[in-house]
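*Asks:*
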Amino acid sequence: MLTTLAAMGSDAVADLLSECGLPPEAAERASIVGDEQPYASSFPVVECAATVLAAVGAAAALLHEERTGVRQEVVVQRGHAGASLLGFIFQHLVDAEAATAEEGRLDHPLVQLYPCRDGRWVHLHGAMTHLAQRTVKVLGCEPDSDRETVAQRVMGWEAQALEDALAEAGTCGAMVRSVEEWSRHPQAAAIAPLGRVNVERIGDSPAEPAAAGSGRPLAGLRVLDLSRILAAPTNGRTLAEHGADVLLVNSPHLENLGLFVMDTSHGKRSAELDLDQPEQLAVLRELADGADVFSQGYRSGALARRGFGPEELAARRPGLVSVTINCYGDAGPWRSRPGWEQLAQTVSGMADAQGAPGPPTLVVAAACDYTTGYLAALGTMAALWRRSHEGGSYHVRASLCQTASWFTGAAPETRPDNGFGDTGAYLTETETPYGRLSHLAPVAQLSVTPAHWDLPTAPIGSHQPVWAT
Numbered sequence: 054m055l056t057t058l059a060a061m062g063s064d065a066v067a068d069l070l071s072e073c074g075l076p077p078e079a080a081e082r083a084s085i086v087g088d089e090q091p092y093a094s095s096f097p098v099v100e101c102a103a104t105v106l107a108a109v110g111a112a113a114a115l116l117h118e119e120r121t122g123v124r125q126e127v128v129v130q131r132g133h134a135g136a137s138l139l140g141f142i143f144q145h146l147v148d149a150e151a152a153t154a155e156e157g158r159l160d161h162p163l164v165q166l167y168p169c170r171d172g173r174w175v176h177l178h179g180a181m182t183h184l185a186q187r188t189v190k191v192l193g194c195e196p197d198s199d200r201e202t203v204a205q206r207v208m209g210w211e212a213q214a215l216e217d218a219l220a221e222a223g224t225c226g227a228m229v230r231s232v233e234e235w236s237r238h239p240q241a242a243a244i245a246p247l248g249r250v251n252v253e254r255i256g257d258s259p260a261e262p263a264a265a266g267s268g269r270p271l272a273g274l275r276v277l278d279l280s281r282i283l284a285a286p287t288n289g290r291t292l293a294e295h296g297a298d299v300l301l302v303n304s305p306h307l308e309n310l311g312l313f314v315m316d317t318s319h320g321k322r323s324a325e326l327d328l329d330q331p332e333q334l335a336v337l338r339e340l341a342d343g344a345d346v347f348s349q350g351y352r353s354g355a356l357a358r359r360g361f362g363p364e365e366l367a368a369r370r371p372g373l374v375s376v377t378i379n380c381y382g383d384a385g386p387w388r389s390r391p392g393w394e395q396l397a398q399t400v401s402g403m404a405d406a407q408g409a410p411g412p413p414t415l416v417v418a419a420a421c422d423y424t425t426g427y428l429a430a431l432g433t434m435a436a437l438w439r440r441s442h443e444g445g446s447y448h449v450r451a452s453l454c455q456t457a458s459w460f461t462g463a464a465p466e467t468r469p470d471n472g473f474g475d476t477g478a479y480l481t482e483t484e485t486p487y488g489r490l491s492h493l494a495p496v497a498q499l500s501v502t503p504a505h506w507d508l509p510t511a512p513i514g515s516h517q518p519v520w521a522t
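Just so you know, the sequence shown maps onto residues 54 to 522 in this note's numbering.
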């Protein structure tokens with residue numbers, strides 16, 4: 054499963070396709086070009102992202118060829134792939150300031166690395182209101198405490214005890230581990246068999262071949278997208294760029310970050326449903342019954358408790374592809390813990406290696422988040438391809454920690470930061486409900502069916518919770 058930097062390229066794309074159950078020869082149509090290395094990272098995060106994006110393009114081309122008989126080529130620019138790992142910072146409203154008050158949450162005293170009294174480090178993550186309240190209760194300080202106060206409180210703990218207390222309180226935080234320490238952890242052992250992305254057949258159903266002659270690779274396929282904040286929404290956005298009908302459903306009770314909503318909602322319609330209301334829960338059930346893909350990015354078990362687990366969904370809608378995306382993985386003792394990009398880097402050894410020989414520090418990109426979204430999209434396409442050939446219901450599992458293990462298992466990155474290349478070549482402009490938005494275009498470009506979004510990004514709740522067709 055793990056690859057070295059020297060093996061990156063067409064062989065790496067073929068390996069990834071094969072891991073998902075797709076024909077590895079589809080990699081022959083994909084090319085990764087350019088030599089940009091925009092991050093001074095200890096790991097080849099750009100090369101890994103470019104690899105999975107090339108595999109996504111190859112999978113889309115394969116699905117299109119089966120519908121039409123037409124072959125096409127795929128090209129991925131390394132600089133564009135690298136830029137996509139910080140996609141939200143490249144967007145701006147052409148006629149207005151892009152900054153919002155929500156940007157302050159990206160540099161919050163409760164979302165930082167801090168040393169503990171035993172010399173080890175912990176990363177807190179209390180950006181959302183409910184997480185902040187639980188975090189400060191554990192620390193014994195106020196929600197508006199400054200960084201110095203938070204640091205003093207953290208210094209009163211040993212790192213493992215603080216990690217345990219935060220988990221017990223239902224909030225987010227993790228102790229910094231080395232790559233070797235994480236490899237021995239029960240959670241790492243539990244998700245290791247899942248590889249980079251896991252595609253498992255979980256039920257029987259008749260084959261569902263795609264309609265012959267339909268134009269785009271995923272045209273006519275319905276994706277129900279229950280997600281927020283980067284990784285899981287990136288999956289839906291990636292499927293939308295190849296023609297899927299993607300309906301984003303969020304809860305009116307959960308916080309979001311406007312910058313991230315704007316970045317990951319291209320190509321989607323966006324609705325709200327309150328699952329605490331029986332009639333709205335019934336609407337979601339009806340939507341799932343009519344879907345091809347049910348993708349969700351919440352803690353493992355959160356939706357299963359409401360009857361939306363993969364097995365329950367497959368029993369109601371045989372042939373459904375369920376996609377589970379979270380931080381720590383859908384297996385093991387931490388499967389129900391909430392987590393984010395920073396925590397995946399913290400526990401997996403990325404932060405430890407990135408800061409060595411000094412204090413731990415993060416890779417500046419949201420590399421685990423976006424790459425996990427791309428891996429989930431690849432797994433989804435693989436499941437749809439298998440469904441068209443052999444039938445069946447499928448469960449696709451991806452997580453930030455699976456992705457982080459890919460990064461840390463690859464050869465160390467030694468090239469210096471040489472920039473993103475011509476970022477202007479990666480941008481496009483779209484009229485949106487926010488105004489005219491300049492943003493990154495899709496990375497993997499196909500020669501016959503160029504990747505694009507049919508719908509502009511829109512605020513949450515802009516549409517009704519119904520399928521377009």
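Ideal Cβ placement from N, Cα and C applies to all residues, glycine included.
What runs of the alpha helix (DSSP H), each 4 residues or longer, lie entirely inside the stretch 140-201?
*Replies:* As far as the stretch 140-201 is concerned, its whole alpha helix (DSSP H) runs of at least 4 residues are 182-192.
*Asks:* Taking only runs of the beta strand (DSSP E) that begin and end inside the stretch 405-461, which ones reach a length of at least 3 residues, in chain order?
*Replies:* Whole beta strand (DSSP E) segments, 3+ residues: 446-452.
*Asks:* Which partner residues does Arg-489 have in the DSSP bridge list?
*Replies:* The count along the sequence shown starts at 1 and reaches residue 489 at position 436. BP columns for Arg-489 point to Glu-484.
*Asks:* Does DSSP classify Val-66 as helix, strand or coil?
*Replies:* Within the sequence shown, residue 66 is the residue found at index 13, counting from 1. Residue state, collapsed to three classes: helix.
*Asks:* For Gly-488, count the other beta carbons within 10 Å of its own beta carbon; 16 or more makes it buried, fewer makes it exposed. Which is it?
*Replies:* Mapped onto the sequence shown, residue 488 falls at position 435. Exposed, because fewer than 16 other Cβ atoms sit within 10 Å of the Cβ of Gly-488.
*Asks:* Just mark Ser-527 as buried or exposed, buried being the case when its beta carbon has 16 or more other beta carbons within 10 Å.
*Replies:* With the chain running from 54 to 522 in the structure shown, residue 527 is simply not present.
*Asks:* Are Ser-51 and Gln-407 close, meaning C-beta to C-beta below 9 Å?
*Replies:* Any answer about residue 51 is impossible in this case: the structure gives the chain only from 54 up to 522.
*Asks:* Quick one: any contact between the stretch 66-86 and the stretch 387-404, if contact means 3 or more CB pairs under 8 Å?
*Replies:* Touching, no.
*Asks:* Measure the alpha-carbon distance for Met-434 versus Ala-113 and round it to whole angstroms.
*Replies:* For this step, residue 434 is matched to residue 381 along the sequence shown. For this step, residue 113 is matched to residue 60 along the sequence shown. Answer to the nearest angstrom: the Cα atoms are 7 Å apart.
*Asks:* Residues in its own chain within less than 7 Å of Glu-195 by CB, not counting five upstream and five downstream?
*Replies:* Working through the sequence shown from its first residue, we reach residue 195 at position 142. Cβ neighbours of Glu-195 beyond the five flanking positions: Val-189.
*Asks:* Is Ser-500 buried or exposed, if buried means 16 or more other CB atoms sit within 10 Å of its CB?
*Replies:* As a first step, residue 500 must be located in the sequence shown, where it is residue number 447. Classification for Ser-500: exposed.
*Asks:* Can you give me the start and stop residues for the beta strand (DSSP E) that Phe-313 sits inside?
*Replies:* Your numbering for residue 313 matches position 260 in the sequence shown. Looking at the DSSP string, Phe-313 is not in any beta strand (DSSP E); the run it does join, the alpha helix (DSSP H), is 311-317.
*Asks:* From which residue to which residue does the beta strand (DSSP E) around Asp-278 run?
*Replies:* What you label residue 278 is simply residue 225 of the sequence shown in a count that begins at 1. 275-279 is the span of the beta strand (DSSP E), which, as asked, contains Asp-278.
*Asks:* What residue ranges within the stretch 317-399 form continuous beta strand (DSSP E) runs of no fewer than 3 residues, ordered along the chain?
*Replies:* If we require 3 residues or more, the beta strand (DSSP E) runs fully inside the stretch 317-399 come out as 321-325, 346-349 and 374-379.
*Asks:* Which residues in the same chain have their Cβ closer than 6 Å to the Cβ of Ala-420, if we skip the five residues on either side of it in sequence?
*Replies:* Against the sequence shown, residue 420 aligns to sequence position 367. Closer than 6 Å at Cβ, skipping near neighbours: Val-98 and Leu-138.
*Asks:* Distance cutoff 9 Å, beta carbons only. Does Leu-300 sit that close to anything in chain D?
*Replies:* Here chain D cannot be found, since the structure has a single protein chain.
*Asks:* Using the DSSP secondary-structure output, state which residues sit across from Leu-300 in a beta bridge.
*Replies:* By one-based count along the sequence shown, residue 300 stands at place 247. DSSP output for Leu-300 lists Leu-277 and Arg-322 as bridge partner(s).
*Asks:* Would you kindly check if the distance between the Cβ of Pro-286 and the Cβ of Leu-301 is under 9 Å?
*Replies:* The sequence position of residue 301 within the sequence shown is 248, counting from 1. The sequence position of residue 286 within the sequence shown is 233, counting from 1. Closer than 9 Å, so yes.
*Asks:* Looking only at C-alpha atoms, which of Leu-69, Ala-107 and Pro-76 sits nearest to Ala-504?
*Replies:* On the sequence shown, residue 504 is found 451 positions in, with the first residue counted as 1. Ala-504 has its Cα closest to that of Ala-107, out of Leu-69, Ala-107 and Pro-76.
*Asks:* Could you work out which residue in Thr-121, Val-191, Leu-184 and Ala-65 is closest to Ala-272 when comparing CA atoms only?
*Replies:* Working through the sequence shown from its first residue, we reach residue 272 at position 219. Looking at the Cα atoms, Thr-121 is the closest of the given residues.
*Asks:* Would you list the residues sitting across from Val-127 in a DSSP beta bridge?
*Replies:* Taking the first residue of the sequence shown as 1, we reach residue 127 at position 74. Ala-83 and Leu-499, per the DSSP bridge assignment.
*Asks:* Taking the straight line between their C-alpha atoms, what separation do you get for Ala-368 and Leu-283?
*Replies:* The count along the sequence shown starts at 1 and reaches residue 368 at position 315. The count along the sequence shown starts at 1 and reaches residue 283 at position 230. Each residue's alpha carbon lies about 29 Å from the other.
*Asks:* Mapping the DSSP letters down to three states, classify Asn-254 as helix, strand or coil.
*Replies:* Here residue 254 refers to the residue found at position 201 when the sequence shown is read from its first residue. Asn is not the amino acid found at residue 254; the sequence shown has Arg there. Of the three classes helix, strand and coil, the one that applies to Arg-254 here is strand, per DSSP.
*Asks:* Measuring CB atoms only, is the stretch 162-177 touching the stretch 206-213, in the sense that at least three cross pairs come out at less than 8 Å?
*Replies:* As far as the Cβ criterion goes, the stretch 162-177 touches the stretch 206-213, which means the pair count is three or higher.
*Asks:* Flag this pair as touching only if the stretch 302-311 and the stretch 242-252 have three or more C-beta atom pairs under 8 Å; answer yes or no.
*Replies:* Too few Cβ pairs lie closer than 8 Å, so no.
*Asks:* Report the three-state DSSP secondary structure of Gly-472 (helix, strand or coil).
*Replies:* Locating residue 472 in the sequence shown gives position 419, counting from the first residue. Of the three classes helix, strand and coil, the one that applies to Gly-472 here is strand, per DSSP.
*Asks:* Does DSSP put Ala-285 in a helix, in a strand, or in coil?
*Replies:* For the purposes of this step, residue 285 is taken as the residue at position 232 of the sequence shown. Of the three classes helix, strand and coil, the one that applies to Ala-285 here is helix, per DSSP.
*Asks:* Between which two residues does the alpha helix (DSSP H) carrying Ala-243 extend?
*Replies:* In the sequence shown, residue 243 corresponds to position 190, counting from 1. Its alpha helix (DSSP H) spans residues 239-244.
*Asks:* Here's the rule I'm using: 16 or more other beta-carbon atoms within 10 Å means buried, otherwise exposed. How should Val-86 be labelled?
*Replies:* For the purposes of this step, residue 86 is identified with residue 33 of the sequence shown, where counting begins at 1. Burial call: exposed.
*Asks:* Starting from the C-beta of Gly-132, find all residues in its chain whose C-beta is less than 8 Å away, skip the five residues before and the five after it, and write them out in chain order.
*Replies:* The residue given as residue 132 occupies position 79 in the sequence shown. Closer than 8 Å at Cβ, skipping near neighbours: Gly-87, Glu-89, Pro-91, Gly-472, Phe-473, Gly-474, Asp-475, Thr-476 and Tyr-479.
*Asks:* Nearest CA to the CA of Thr-483: which residue from Asp-68, Phe-96 and Val-147?
*Replies:* Taking the first residue of the sequence shown as 1, we reach residue 483 at position 430. Of the candidates Asp-68, Phe-96 and Val-147, the one whose C-alpha sits nearest the C-alpha of Thr-483 is Val-147.
*Asks:* Starting from Gly-110, trace the alpha helix (DSSP H) both ways and give me its first and last residue.
*Replies:* Here residue 110 is taken as the residue at index 57 of the sequence shown, counted from 1. Counting along the chain, the alpha helix (DSSP H) containing Gly-110 begins and ends at 98-121.
*Asks:* For my contact list, Arg-290 and Gly-320 are in at a C-beta cut-off of 8 Å; report their separation, rounded to the angstrom.
*Replies:* Stepping through the sequence shown from its first residue, residue 290 is reached at position 237. Stepping through the sequence shown from its first residue, residue 320 is reached at position 267. The Cβ separation is near 6 Å, so the contact holds.
*Asks:* Would you call the stretch 423-441 and the stretch 239-248 touching, i.e. three or more CB-CB distances under 8 Å?
*Replies:* Cβ pair count under 8 Å is below three, so no.
*Asks:* Please report how far the alpha carbon of Thr-481 lies from the alpha carbon of Asp-68, in whole angstroms.
*Replies:* Translated into the one-based positions of the sequence shown, residue 481 becomes position 428. Translated into the one-based positions of the sequence shown, residue 68 becomes position 15. The alpha-carbon atoms of Thr-481 and Asp-68 are separated by roughly 32 Å.
*Asks:* With DSSP run on the structure shown, which of helix, strand or coil describes Gly-477?
*Replies:* One-based indexing of the sequence shown puts residue 477 at position 424. It is helical.
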